[in-house]
Amino acid sequence: MRKKLLCFLLCLFLLPLGAIRDAGGDGITRCLLIGCDQFVSMPDTEPAGANNVETMEALLTDFLPGEIRIQRYVNGPGTVEGFEKLVEDVFRDANDADRALIYLSTHGLLREEEEMVLLLSDGESEEYLKPEKLKQILDNVPGEKTLILDACHSGAMIGCGGGNGVNWFADGTCQVLTSSGALEDSWFWSAEEDTYTGTGYFTSAMDSALRSSDPDQIDPNGDGKVSLEELTVRLRRIHGASTVYCWPENGVVSLFRLPENRKPRNRLRGLCFDPLLQEKEDGTRKLVWHFRTEDSVRLMYHLIPSHNGEWDFEHAATKRDRGHVGLNWGMVGAGEYERSIPRTPEQFGEDGRLLLQVVSMKPDFSAPMVEGGMVMKLDDPTMPMLEEADPEEE
617 MRKKLLCFLL CLFLLPLGAI RDAGGDGITR CLLIGCDQFV SMPDTEPAGA NNVETMEALL
677 TDFLPGEIRI QRYVNGPGTV EGFEKLVEDV FRDANDADRA LIYLSTHGLL REEEEMVLLL
737 SDGESEEYLK PEKLKQILDN VPGEKTLILD ACHSGAMIGC GGGNGVNWFA DGTCQVLTSS
797 GALEDSWFWS AEEDTYTGTG YFTSAMDSAL RSSDPDQIDP NGDGKVSLEE LTVRLRRIHG
857 ASTVYCWPEN GVVSLFRLPE NRKPRNRLRG LCFDPLLQEK EDGTRKLVWH FRTEDSVRLM
917 YHLIPSHNGE WDFEHAATKR DRGHVGLNWG MVGAGEYERS IPRTPEQFGE DGRLLLQVVS
977 MKPDFSAPMV EGGMVMKLDD PTMPMLEEAD PEEE
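Residue numbering for the sequence shown follows our numbering, beginning at 617 and increasing consecutively.
Shown next as structure tokens:
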């Protein structure tokens, strides 16, 4: 894996793919999914934007209630006018009984006076989409609306995570979920080889949260539905690369349904990180996590230090799981597992933070997938002390 900045959010591919399903319920949920990979002024992000859109389409098909219609685009539009026309076309037949879901994946930038903008690009043309213009465009869409942003600094749209604190969606006419705070980057990975693999960590965490969380982790009230607040709480527990924010913060409106027969797609089940522990004698910190598997899977753990407020992926330490299936080391079979890893204060980097990422792969080393992550902090005030030192290096 190599580090790339996931400051991204929009584009167009020409696949008005209508994934339509009728599972009962009033109104139609129309979804517009946009992923940008090709830029003029910023680094390209291929294939993360395209794969993000594909991941979201599968998620919405499996977890949105009622009749849904999905249109997805990669690389474009490259102008604000083009984006406005696209939204108008997609939601032209919508009414107040319908729902709209807009997902955007592109570069997000902080400009003068900490104003956040989204970069619209088709690889040849680029324009900035300002938050007030995005709000104006969405105000013309009738019915209940949800906006999901996978972009750097996206929390600035709702005044979360620092910045100028302006919430452009404070009137509550649109639910908003963002991948990062106003002063944070979002991140993605892509393979060095020409395998067209890679995705945004936030979008991958959404896939994990809905597909493989235990019911009490994603639906604590047991009503079979997932609200914006419930999804945000779960994402914050398994997505460490950036801070997830939502508006309204206590949004209880049902966003997804939780079918009994979910499709985990070979992901780890019930991933859970315990509070960071401090060992008495030398200040070593120990992180413990738990998970289940239903098939054999290879597991690796990336430990990424933080420098100058950013994750230093280029200097990450990688460790394979200590388990084995036969002679295949680094692999675990079906079962329940607890793992732990210690780190001394010197291994935390100059910012005193480490990001642990749990990465799974098929037995043939193909299709790597980030299952989740947790931030370890040297100055964590909630960190309990271990009674006995018991470090266990994976």
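C-beta atoms are modelled at their ideal positions from N, C-alpha and C, and glycine is treated no differently.
Just so we're clear, the structure is a prediction, and the values are computed from it rather than from any experiment.
query                                                                                                                                                    : result
Quick one: is N780 buried, meaning 16 or more other Cβ sit within 10 Å of its Cβ, or exposed?                                                            : exposed
Measure the alpha-carbon distance for M822 versus D839 and round it to whole angstroms.                                                                  : 19 angstroms
For my contact list, D928 and G965 are in at a C-beta cut-off of 8 angstroms; report their separation, rounded to the angstrom.                          : 7 angstroms
Please state the DSSP three-state secondary structure of A666.                                                                                           : helix
What does the alpha-carbon distance come out to for the pair N691 and Q752?                                                                              : 23 angstroms
Which of the three DSSP states is assigned to R852 in this structure?                                                                                    : helix
Given 8 angstroms as the limit, is there contact between the stretch 671-689 and the stretch 729-741, that is, 3 or more CB pairs closer than that?      : no
If we count Cβ pairs, one from each stretch, closer than 8 angstroms, do we get three or more for the stretch 754-762 versus the stretch 706-726?        : yes
Could you tell me the boundaries of the beta strand (DSSP E) in which T762 lies?                                                                         : E760 to L765
Please determine, among S657, V948 and L844, the residue with the shortest C-alpha to C-alpha distance to F872.                                          : L844
Using the C-alpha atoms, what's the distance from P693 back to C888?                                                                                     : 39 angstroms
Which class does V703 belong to by DSSP, given the choice of helix, strand or coil?                                                                      : helix
At 3 residues or longer, and completely inside the stretch 724-804: list those beta strand (DSSP E) runs for me, N to C.                                 : 732-737, 742-745, 760-765 and 791-794
CB M992 to CB L903, shorter than 8 angstroms?                                                                                                            : yes
With distance defined between alpha-carbon atoms, name the residue in W905, A857 and G777 nearest to E865.                                               : G777
With a cut-off of 8 angstroms on the beta carbons, I'd call R914 and G867 a contact; round off their distance for me.                                    : Their Cβ separation, rounded to whole angstroms, is 37 angstroms, which puts R914 and G867 out of contact at 8 angstroms.
I need the straight-line Cα distance from M990 to P891, nearest angstrom please.                                                                         : 10 angstroms
Looking at C-beta atoms only, is the number of pairs between the stretch 941-960 and the stretch 904-913 that lie closer than 8 angstroms three or more? : yes
Closest by CA to K935, which one among H923, A983 and Y917?                                                                                              : Y917
Go ahead and pull the three-state DSSP assignment for L893.                                                                                              : strand
Thinking C-beta only, is R938 closer than 8 angstroms to R883?                                                                                           : no
When the Cα of H769 is compared with those of W803, F785 and D755, which residue comes out closest?                                                      : W803
Considering only DSSP beta bridges, list what E926 is partnered with.                                                                                    : H923
Quick check: what's the CA-CA separation for R685 versus R646?                                                                                           : 5 angstroms
Let me confirm a value: V986 is counted as buried when at least 16 other C-beta atoms fall within 10 Å, else exposed. Which label applies?               : buried
Starting from R955, follow the alpha helix (DSSP H) in both directions and report where the run begins and ends.                                         : Looking at the DSSP string, R955 is not in any alpha helix (DSSP H); the run it does join, the beta strand (DSSP E), is G951 to R959.
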